[in-house]
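If you read the sequence shown in the working numbering, its first letter stands for residue 921, the second for the next number, and so on. Don't be surprised by glycine CBs; every beta carbon is placed ideally from N, CA and C. This structure is a prediction, so every number in the text was calculated from the model and none was measured.
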Amino acid sequence: LMSRSLRVDLSATRARARSLQFLTLRIKDGIVDCFRDQTNERPSIDTHQPDVRILGHLEDDSLDIYIDWSGESLFKRGWRGRDDKGEAPLKENLAAGLVLLSQWRKEQALVDLFCGSGTILIEAAQMRFGLAPGLHRAFGFQALSDYDDILWHSLADEARTFAVERQAQALTMPPLIGNDIDPTQIAKAKQNTAKAGLPEAAINWQCADAFKIVRQDDQALDNVDGFIVSNPPYGERIESSGDILQGRSFRDRWPGYTLCILSAQEDLPSLWRMKPKRRVPLMNGAIPCRFFIFPLYQQKALPLAAEPPLSELTEPSKH
């Protein structure tokens, strides 16, 4: 640890301490003094990018001290660039959760109509190809003195071998398609795909208007039903008549698919005149959202101008 830098962070619950900053400094001084007494050396302090983080939690009069084995937050898989923020960044763990909540299966087609830099589809592709999340990132325990580099690399190689063995079969499955109207985002998505350790053919990226794509453009077999999982860049409200009509048109353009939309707008189903099979409350950062799952049944939709009232779509049939 002498060649490593460290940082100390302290949290508290029901503590009578007047200054957590003072206690944090005392913990840091105690750790540094302990190393100095035992080794005649002291570790350096780095509050921005430390090699090792020491965590303390004070509850009432009890203090617990931990070594952070993870390092950076586990949602950071290690493939996203530091400049890849986007207008509304979706964390990798939330993207993976959306894919799992949709009940998409690895052998089905999956489309993200508003893919941005590709987070949702990259997480889905890693599931399909058997790539372990975090395989391309560093962990906090790798800076500790008892870290076994040979053992860790053997485990990582085993995980990579598992993914390679699945690659041939995965590449024959119905496509994963990422679409965005912004070519800059598509370029970032392609870069992220490579950084995530996925083959170039794992995901088909295209630049187009999401509201002009139809099911025939998904390159899947006609008898293969798939999923759309998207986080549209609408902001917090969808109010214009154009947005409402475009959303309703998903039924006509993607028959047989399951449409899964993450939105901060609770009345989205009524605006789109679509009844969700499920609505799951989620937090996207600090924004309360709903994950709506709409089955798009194989049937001829009525023209938008002649749609029945919402009550007829949402109330059980009396016949």
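Test item: CB-CB of Ile1042 and Ala1116 under 7 Å:
Position 122 of the sequence shown, counted from the first residue, corresponds to residue 1042. Position 196 of the sequence shown, counted from the first residue, corresponds to residue 1116. Yes, these two residues count as a Cβ contact at 7 Å.
Between the alpha carbons of Ala1076 and Ser1190, how many angstroms are there, rounded?
Residue 1076 sits at position 156 when you count from the first residue of the sequence shown. Residue 1190 sits at position 270 when you count from the first residue of the sequence shown. The alpha-carbon atoms of Ala1076 and Ser1190 are separated by roughly 48 Å.
Kindly indicate the opening and closing residues of the beta strand (DSSP E) around Cys1180.
Within the sequence shown, the letter at position 260 stands for residue 1180. Segment Thr1178 to Ser1183, the beta strand (DSSP E) holding Cys1180.
Please report how far the alpha carbon of Thr1092 lies from the alpha carbon of Ile974, in whole angstroms.
In the sequence shown, counting from the first residue as 1, residue 1092 sits at position 172. In the sequence shown, counting from the first residue as 1, residue 974 sits at position 54. Distance between the alpha carbons of Thr1092 and Ile974 is about 47 Å.
Where do the N-terminal and C-terminal ends of the beta strand (DSSP E) with Gly901 fall, by residue?
The chain is shown from 921 up to 1239; residue 901 falls before or after that span and cannot be answered.
Buried or exposed: Met1194, going by 16 or more other Cβ atoms within 10 Å of its Cβ?
Position 274 of the sequence shown holds residue 1194. With 16 or more other Cβ atoms within 10 Å, it is buried.
Taking the CB atoms as reference points, tell me whether Leu994 and Ala1045 lie closer together than 7 Å.
Here residue 994 refers to the residue found at position 74 of the sequence shown. Here residue 1045 refers to the residue found at position 125 of the sequence shown. It is not a contact, given that the beta carbons lie outside the stated cut-off.
Can you list, in chain order, the stretches of the alpha helix (DSSP H) that have 4 or more residues and sit fully within the segment 947-1035?
Correct list: 1012-1022.
Where Asp929 sits in the DSSP three-state scheme:
Residue 929 sits at position 9 when you count from the first residue of the sequence shown. The answer is strand: DSSP assigns Asp929 an E or B state.
Own chain partners of Arg1025 with C-beta closer than 7 Å, once the 5 adjacent residues on each side are dropped
Walking along the sequence shown from the start, residue 1025 turns up at place 105. Cβ neighbours of Arg1025 beyond the five flanking positions: none.
Between Ile1207 and the rest of its own chain, which residues show a CB-CB distance below 6 Å, the 5 nearest in sequence each way excluded?
On the sequence shown, residue 1207 is found 287 positions in, with the first residue counted as 1. So the qualifying residues of the chain are Ala1184.
Please state the DSSP three-state secondary structure of Trp1174.
Within the sequence shown, the letter at position 254 stands for residue 1174. Note: Trp1174 maps to coil in three-state DSSP.
Enumerate in chain order the residues of its own chain whose CB-to-CB distance from Gln1010 is below 6 Å, with the five nearest sequence positions on each side excluded.
Position 90 of the sequence shown, counted from the first residue, corresponds to residue 1010. The sequence given here has Leu at residue 1010, not Gln. Excluding sequence neighbours, Leu1010 sits near Thr1039 and Asn1151.
With DSSP run on the structure shown, which of helix, strand or coil describes Leu1141?
Within the sequence shown, residue 1141 is the residue found at index 221, counting from 1. Because the pLDDT of Leu1141 is 49, which lies under 50, any placement of that residue in the model is unreliable, and the number read from its coordinates should be weighed accordingly. Coil at Leu1141, not helix or strand.
Phe1214 and Leu1182 - do their beta-carbons sit closer together than 7 Å?
Residue 1182 sits at position 262 when you count from the first residue of the sequence shown. Residue 1214 sits at position 294 when you count from the first residue of the sequence shown. Not a contact, by the Cβ cut-off of 7 Å.
Where does Asn1151 fall in DSSP's three states?
Indexing the sequence shown from 1 puts residue 1151 at position 231. Reduced to three states, the DSSP call for Asn1151 is coil.
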